[in-house]
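A.B. asks:
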Amino acid sequence: MYRYDEFDERFVRERVAQFKDQVERRLDGSLSDDEFKPLRLKNGLYLQLHAYMLRVAVPYGTLNSKQLRQLALIAEKFDKGYAHFTTRQNLQYNWPKLKDVPEILNLLADVEMHCIQTSGNCIRNVTADQFSGVALDEVEDPRPTAELIRQWSSLHPEFVWLPRKFKIAVTGAEHDRAAIKAHDIGLKVRRHPETGEIGYQVLVGGGLGRTPMIGKVVREFLPKDELLAYLEAIMRVYNAEGRRDNKFKARVKILVHETGTEEFVRRVEAEYALLDGPTINAPMEEVERIARYFAPPAYETLPETSEKLAAARRADPTLDRFVEQNGFRHKQPGYIALTVSLKPVGGIPGDMTDAQMRAFADIAERYSFDELRVTHSQNLVLPHVRQDDVAEVFAALKAAGLETANAGLVTDIIACPGLDYCALATARSIGIAQEISKTFGEEARQREVGPLQIKISGCINACGHHHVGHIGILGIEKSGKENYQITVGGDASENAALGERVGPGIDGADVPGAIEALVARYMIERQDGETFIDTVKRAGLDPFKESFTSYVAEKTGTPAGELA
Numbered sequence: 006m007y008r009y010d011e012f013d014e015r016f017v018r019e020r021v022a023q024f025k026d027q028v029e030r031r032l033d034g035s036l037s038d039d040e041f042k043p044l045r046l047k048n049g050l051y052l053q054l055h056a057y058m059l060r061v062a063v064p065y066g067t068l069n070s071k072q073l074r075q076l077a078l079i080a081e082k083f084d085k086g087y088a089h090f091t092t093r094q095n096l097q098y099n100w101p102k103l104k105d106v107p108e109i110l111n112l113l114a115d116v117e118m119h120c121i122q123t124s125g126n127c128i129r130n131v132t133a134d135q136f137s138g139v140a141l142d143e144v145e146d147p148r149p150t151a152e153l154i155r156q157w158s159s160l161h162p163e164f165v166w167l168p169r170k171f172k173i174a175v176t177g178a179e180h181d182r183a184a185i186k187a188h189d190i191g192l193k194v195r196r197h198p199e200t201g202e203i204g205y206q207v208l209v210g211g212g213l214g215r216t217p218m219i220g221k222v223v224r225e226f227l228p229k230d231e232l233l234a235y236l237e238a239i240m241r242v243y244n245a246e247g248r249r250d251n252k253f254k255a256r257v258k259i260l261v262h263e264t265g266t267e268e269f270v271r272r273v274e275a276e277y278a279l280l281d282g283p284t285i286n287a288p289m290e291e292v293e294r295i296a297r298y299f300a301p302p303a304y305e306t307l308p309e310t311s312e313k314l315a316a317a318r319r320a321d322p323t324l325d326r327f328v329e330q331n332g333f334r335h336k337q338p339g340y341i342a343l344t345v346s347l348k349p350v351g352g353i354p355g356d357m358t359d360a361q362m363r364a365f366a367d368i369a370e371r372y373s374f375d376e377l378r379v380t381h382s383q384n385l386v387l388p389h390v391r392q393d394d395v396a397e398v399f400a401a402l403k404a405a406g407l408e409t410a411n412a413g414l415v416t417d418i419i420a421c422p423g424l425d426y427c428a429l430a431t432a433r434s435i436g437i438a439q440e441i442s443k444t445f446g447e448e449a450r451q452r453e454v455g456p457l458q459i460k461i462s463g464c465i466n467a468c469g470h471h472h473v474g475h476i477g478i479l480g481i482e483k484s485g486k487e488n489y490q491i492t493v494g495g496d497a498s499e500n501a502a503l504g505e506r507v508g509p510g511i512d513g514a515d516v517p518g519a520i521e522a523l524v525a526r527y528m529i530e531r532q533d534g535e536t537f538i539d540t541v542k543r544a545g546l547d548p549f550k551e552s553f554t555s556y557v558a559e560k561t562g563t564p565a566g567e568l569a
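To convert, note that position 343 of the sequence shown is 348 in the working numbering; the numbers rise steadily by one, no gaps.
(1) Is the region 405-420 touching the region 457-474 in the sense that three or more CB pairs, one from each, lie closer than 8 Å?
(2) Rounded to the nearest angstrom, what separates I121 and Y426 at their Cα positions?
(3) Flag this pair as yes or no: are the beta carbons of G504 and G495 separated by less than 8 Å?
(4) Starting from A342, trace the beta strand (DSSP E) in both directions and tell me its first and last residue.
(5) Could you give the distance in angstroms between the alpha-carbon of M240 and the alpha-carbon of E329?
(6) Does the distance from the CB of E376 to the CB of A432 come in under 8 Å?
(7) Using 10 angstroms around the beta-carbon of I441, count the other beta-carbons present and answer buried if the total reaches 16, otherwise exposed.
(8) If you follow the beta strand (DSSP E) that I461 is part of, which residue opens it and which one closes it?
(9) Pull up the distance between the alpha-carbon of I109 and that of L78, whole angstroms please.
(10) Does the distance from the C-beta atom of V28 to that of L141 stay below 8 Å?
(11) So which of E117, T306, A80 and L314 has the shortest CA-CA distance to D10?
(12) Would you say I459 and I476 are within 8 Å of each other, going by their C-beta atoms?
(13) Using three-state DSSP, classify N111 as helix, strand or coil.
(14) Using the C-alpha atoms, what's the distance from E274 back to L208?
(15) What did DSSP end up calling M118 once you bin it into helix, strand or coil?
(16) With burial defined as no fewer than 16 other Cβ atoms inside 10 Å of the residue's Cβ, what is the status of L2: buried or exposed?
(17) Starting from N69 and walking both ways along the beta strand (DSSP E), at which residues does that stretch end?
(18) Run through DSSP, which three-state label would I154 get?
(19) If you count every other CB in all the chains shown that lies within 10 Å of the CB of A428, and 16 or more means buried, which is it?
(20) Buried or exposed, going by whether 16 or more other CB atoms sit within 10 Å of the CB of M289?
(21) Rounded to a whole number of angstroms, what is the C-alpha to C-alpha distance between I465 and G480?
(22) Would the region 447-457 and the region 525-540 be scored as touching if the rule is three or more Cβ pairs under 8 Å?
As structure tokens, then:
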């Protein structure tokens with residue numbers, strides 16, 4: 006893991022002191038709410054429906070046990086005993102009091118954490134593959150790249166007031182687990198097909214929200230040592246030409262779309278040619294310094310597989326299911342990475358109590374080289390577990406209520422906070438997720454259905470990534486009521502695609518039944534070995550539209566022909 010140097014420490018502490026003064030002036034009336042708003046947003050503090058919300062940055066989703074224990078302390082002391090993990094690998098507190106925020110920020114600074122650039126029109130937290138450094142299909146660990154971008158972008162004087170928020174994701178693997186095509190900039194570490202040199206494929210213009218788009222390749226191969234200057238060229242073109250007259254059209258995806266990919270690339274390359282690369286790009290010694298923080302831990306030399314784990318799995322069917330579903334093959338023989346689901350059946354996706362955080366910190370410290378990861382699907386990962394220790398880890402997770410074996414299944418649902426918390430939301434998300442989870446709660450049924458990603462957003466801003474869900478659910482307000490649109494066929498992987506609506510909007514109470522109808526159609530249509538998304542791509546949307554329309558017609562008494 007990266008460790009703060011003297012600059013990092015001073016930088017964060019000065020920012021905390023600055024915001025403390027701003028909070029005090031807001032509390033004594035020296036600053037109006039309108040004056041305070043841009044200041045608090047620069048420090049990750051939102052005003053939601055019922056209270057403030059504080060968003061904590063977790064760069065590229067990596068934490069240690071000390072940090073997680075501190076997050077648990079803050080949840081216990083300043084919130085309601087829990088916190089929420091988000092799709093940007095961050096953590097949110099939903100109930101802090103304004104007067105306590107400076108103390109919270111100081112506690113975060115004590116463990117090398119902060120809330121800088123988790124809000125506002127700036128470059129946000131850089132995300133990465135949750136299996137960085139351990140995946141077999143990885144060309145190179147992308148976290149040193151993500152850390153380099155974090156350092157370059159933090160309070161970059163030219164990019165702190167962009168036309169709109171800006172999100173970057175990095176993967177180093179063949180299989181995209183970071184959804185890079187749904188980001189403003191996506192980076193894929195790759196080898197040059199002829200020279201073997203390591204560099205990046207660069208994508209620009211992805212993003213969801215009210216105008217969802219898949220990112221476009223602007224460079225098939227960018228040499229590794231040219232990264233920062235090329236990013237600077239992209240950002241300069243966007244900062245100069247991105248629309249500021251309409252916030253709904255201010256994202257870089259709109260600029261790429263309206264300009265055209267070819268012309269956008271031409272402008273970026275022209276800007277890049279004018280820049281003095283050596284003064285922008287990081288010196289090799291700095292790149293190497295950062296990379297050393299991400300060196301593999303002190304693995305033991307072990308057999309490829311563990312007889313101890315195999316025996317334990319034979320003796321305990323629940324352990325066997327957990328390893329089968331939540332285990333991830335590790336590049337190091339004798340080790341395994343484990344996804345720990347924050348989606349118990351009927352639970353709130355992404356929520357974790359302070360007691361669970363402390364228990365999980367103990368597990369990570371003892372069994373995973375003091376390291377854990379946050380995923381963009383609102384779960385956690387133990388990246389370095391000895392296979393011999395898995396049974397003990399599972400017992401500890403079970404004692405903490407964290408043993409759910411549903412990673413990637415129909416109950417592993419992404420959901421934004423929705424109308425229960427968010428001031429921008431137009432419909433509830435959490436309750437819908439809970440009811441769907443209960444509908445498919447039986448373990449045998451989940452396994453029969455197989456991999457299926459359901460994603461729910463409570464408004465058009467798409468914080469729940471519904472556009473790229475295999476089944477997406479968008480809650481909107483219609484005629485004074487909450488109404489839900491269902492999409493099918495979205496994909497956040499290297500085969501990224503946007504889902505398409507399968508019929509009219511429906512009431513929230515009807516959503517679980519609609520999902521059942523879609524899943525039932527998949528079970529009819531699928532061929533041997535096909536997942537839900539495989540079947541959709543082969544069979545097309547028509548069968549799913551037919552089943553959805555039939556369901557809605559039956560529920561509403563409206564002839565199916567009138568719903569088409």
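C-beta atoms are modelled at their ideal positions from N, C-alpha and C, and glycine is treated no differently.
C.D. replies: The structure says:
(1) yes
(2) One-based indexing of the sequence shown puts residue 121 at position 116. One-based indexing of the sequence shown puts residue 426 at position 421. Spanning the two alpha carbons is a distance of roughly 22 Å.
(3) Along the sequence shown, read from residue 1 onward, the residue named residue 504 stands at position 499. Along the sequence shown, read from residue 1 onward, the residue named residue 495 stands at position 490. Going by C-beta atoms, G504 is nearer than 8 Å to G495.
(4) Stepping through the sequence shown from its first residue, residue 342 is reached at position 337. Here the beta strand (DSSP E) through A342 covers Y340 to V345.
(5) On the sequence shown, residue 240 is found 235 positions in, with the first residue counted as 1. On the sequence shown, residue 329 is found 324 positions in, with the first residue counted as 1. Roughly 43 Å separates the two Cα atoms.
(6) Here the question's residue 376 lines up with position 371 in the sequence shown. Here the question's residue 432 lines up with position 427 in the sequence shown. Contact: no.
(7) Within the sequence shown, the letter at position 436 stands for residue 441. By the 10 Å Cβ count, I441 comes out buried.
(8) By 1-based counting over the sequence shown, the position of residue 461 is 456. If you look at I461, you'll find it in the beta strand (DSSP E) that goes I459 to S462.
(9) The count along the sequence shown starts at 1 and reaches residue 109 at position 104. The count along the sequence shown starts at 1 and reaches residue 78 at position 73. Approximately 10 Å between the Cα atoms of the pair.
(10) Counting from 1 along the sequence shown, the entry for residue 28 is found at position 23. Counting from 1 along the sequence shown, the entry for residue 141 is found at position 136. For V28 and L141, no; Cβs fall outside 8 Å.
(11) For the purposes of this step, residue 10 is identified with residue 5 of the sequence shown, where counting begins at 1. Residue E117 is the option with its Cα nearest to D10.
(12) The sequence position of residue 459 within the sequence shown is 454, counting from 1. The sequence position of residue 476 within the sequence shown is 471, counting from 1. Yes. Within cutoff.
(13) By 1-based counting over the sequence shown, the position of residue 111 is 106. Helix, per DSSP.
(14) Residue numbering aside, residue 208 sits at position 203 when the sequence shown is read from its first letter. Residue numbering aside, residue 274 sits at position 269 when the sequence shown is read from its first letter. Their Cα atoms are separated by approximately 14 Å.
(15) Taking the sequence shown and counting its residues from 1, the one referred to as residue 118 is at position 113. M118: coil per DSSP, three-state reduction.
(16) This structure leaves residue 2 out entirely; the chain is present only between 6 and 569.
(17) Here residue 69 refers to the residue found at position 64 of the sequence shown. No beta strand (DSSP E) contains N69, which DSSP labels as neither H nor E.
(18) Walking along the sequence shown from the start, residue 154 turns up at place 149. Reduced to three states, the DSSP call for I154 is helix.
(19) Here the question's residue 428 lines up with position 423 in the sequence shown. Answer is exposed; the Cβ neighbour count stays below 16.
(20) The residue given as residue 289 occupies position 284 in the sequence shown. Under this definition M289 is an exposed residue.
(21) For the purposes of this step, residue 465 is identified with residue 460 of the sequence shown, where counting begins at 1. For the purposes of this step, residue 480 is identified with residue 475 of the sequence shown, where counting begins at 1. If you take the alpha carbons of I465 and G480, they lie about 8 Å apart.
(22) yes
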